[in-house]
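Novice:
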Amino acid sequence: MKVLLVDDHPLVLSALQQVIQRVGSGTTVLGVDSAAAARAALAQDSDYDLVMLDLALGDADGFDVLVEFRAAYPAVPVVVVSASDRASDVIRAIDSGAMGFVPKRSSHGELHEALRMVMTGAMYVPPSMLGLDFSRAVHMGDTVPGVMRSGPDSGFMAADVAPLGPAARPEPHQKVPTLADVGLTPRQSEVLSLLLQGLPNKLIARQLNLSVETVKDHVAAVLRALGVSSRTQAVLAVSQMTQGQGGSFAWRLPPR
596 MKVLLVDDHP
606 LVLSALQQVI
616 QRVGSGTTVL
626 GVDSAAAARA
636 ALAQDSDYDL
646 VMLDLALGDA
656 DGFDVLVEFR
666 AAYPAVPVVV
676 VSASDRASDV
686 IRAIDSGAMG
696 FVPKRSSHGE
706 LHEALRMVMT
716 GAMYVPPSML
726 GLDFSRAVHM
736 GDTVPGVMRS
746 GPDSGFMAAD
756 VAPLGPAARP
766 EPHQKVPTLA
776 DVGLTPRQSE
786 VLSLLLQGLP
796 NKLIARQLNL
806 SVETVKDHVA
816 AVLRALGVSS
826 RTQAVLAVSQ
836 MTQGQGGSFA
846 WRLPPR
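Under my numbering, the first residue of the sequence shown carries the number 596, and numbering increases by one thereafter.
Below is the structure:
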């Protein structure tokens, strides 16, 4: 595994390099301390398996860099590693295309598990985010304006953060539903698997050989089935369902 690690704190950069290299004997890590250095590294060699990105960089806003890298290198997953574990930052990172969010206070084991999940096609969500009541997050002010964006290819059904529906946020006495309970069709399951990778509708359409309009219809059906109103909420809902089944904090893609 070839990893590009971006963090502007030398001690953190060195420590993370050592931890990541322990994932496997074939793991190599290039550490850089700025967005500019990361851009240069990717321009010279974009054949990375993973980019790990700190949000608090000295020369750029980490969220802007995340969006930039996802647009320029869509085949390279990005995992955010941040000192923050605010719900708003996790949501915004996922909304911007991150395949995972790892708080820096996580254990080595949690970091390794996050990397393993992402490299096997899963999306990692911090355990603290599972079961989040979005309506409560709004009332507490733990959101960022514009996090839930709407646009012609965003696939989002609403511009505002809305509460998770009953399928995603059951009452305490209710059994947590599973994906099987949701009743997605095989095609909807395929769309969901690509949606959870952060792919926009155009790329989903290309991979499944469908029209963009058909993909939009499938995305809308998936969100309705999950009882949510955005892709970000879908990620959290699926993660919660997986945890409810005694699994890990991500839903793995079905074999293709």
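Note that the Cβ used here is the ideal one computed from N, Cα and C, for glycine as well.
Fair warning: this is a prediction, and the values are worked out from it, not measured in the lab.
What's the call for Gly704, buried or exposed, on a 16-neighbour Cβ count within 10 Å?
Specialist: Exposed, since its Cβ has fewer than 16 Cβ neighbours within 10 Å.
Novice: Buried or exposed: where does Thr780 fall if 16 or more other Cβ atoms within 10 Å of its Cβ makes it buried?
Specialist: It counts as exposed.
Novice: Can you tell me where the alpha helix (DSSP H) with Val823 in it begins and where it stops?
Specialist: Where Val823 is concerned, there is no enclosing alpha helix (DSSP H), given that its DSSP letter is neither H nor E.
Novice: Does the segment 650–670 come close enough to the segment 607–614 to have 3 or more Cβ pairs within less than 8 Å?
Specialist: Judged by Cβ distances under 8 Å, the segment 650–670 makes no contact with the segment 607–614, as fewer than three pairs qualify.
Novice: When the distance is taken between beta carbons, is Ala693 closer than 8 Å to Val671?
Specialist: Taking 8 Å as the Cβ cut-off, Val671 and Ala693 do not qualify as a contacting pair.
Novice: At what residue ranges does the segment 671–724 contain a whole run of the alpha helix (DSSP H), taking only runs of 4 or more?
Specialist: List check, alpha helix (DSSP H) in window: 682–690 and 703–714.
Novice: Going straight from the alpha carbon of Ala630 to that of Ile689, what length do you get?
Specialist: Spanning the two alpha carbons is a distance of roughly 19 Å.
Novice: Can you grab the Cα-Cα spacing for the pair Glu785 / Gly695, in whole Å?
Specialist: In a straight line, the C-alpha of Glu785 is about 20 Å away from that of Gly695.
Novice: Pull up the distance between the alpha-carbon of Gln612 and that of Val624, whole angstroms please.
Specialist: If you take the alpha carbons of Gln612 and Val624, they lie about 6 Å apart.
Novice: Pick helix, strand or coil for Ala655, following the three-state DSSP scheme.
Specialist: DSSP places Ala655 in coil when its eight states are reduced to three.
Novice: Here's the rule: buried if 16 or more other CB atoms are within 10 angstroms of the residue's CB, otherwise exposed. What is Gly793?
Specialist: With 16 or more Cβ atoms within 10 Å of its Cβ, Gly793 is classed as buried.
Novice: Taking the C-alpha atoms as reference points, what is the distance between Gly716 and Ala820?
Specialist: Using only the alpha carbons, I get a separation of about 22 Å.
Novice: Rounding to the nearest angstrom, what Cα-Cα distance links Lys811 and Ser691 in this structure?
Specialist: Roughly 19 Å separates the two Cα atoms.
Novice: Tell me where the alpha helix (DSSP H) around Val582 begins and ends.
Specialist: Here the chain comprises residues numbered 596 to 851, so residue 582 is not present and cannot be evaluated.
Novice: CA-CA distance, Ser801 and Pro669?
Specialist: In the sequence under discussion, the amino acid at residue 801 is Arg, which differs from the Ser named in the question. In a straight line, the C-alpha of Arg801 is about 13 Å away from that of Pro669.
Novice: Which residues mark the beginning and the end of the alpha helix (DSSP H) in which Leu637 is found?
Specialist: First-last of the alpha helix (DSSP H) with Leu637: Ala630 to Gln639.
Novice: Can you list, in chain order, the residues of its chain with a C-beta nearer than 6 Å to that of Leu645? Leave out the 5 residues immediately preceding and following it.
Specialist: The answer, listed in chain order, is Val598 and Pro672.
Novice: Of all the options Pro795, Ile799, Leu818 and Leu798, which has the alpha carbon lying nearest to the alpha carbon of Gly778?
Specialist: Of the candidates Pro795, Ile799, Leu818 and Leu798, the one whose C-alpha sits nearest the C-alpha of Gly778 is Leu818.
Novice: Using the DSSP secondary-structure output, state which residues sit across from Leu600 in a beta bridge.
Specialist: Looking at the DSSP assignment, Leu600 forms a beta bridge with Gly626 and Met647.
Novice: Establish whether the CB of Ala670 and some CB of chain C are separated by less than 8 Å.
Specialist: Of the chains in the structure shown, none is chain C; there is only one protein chain.
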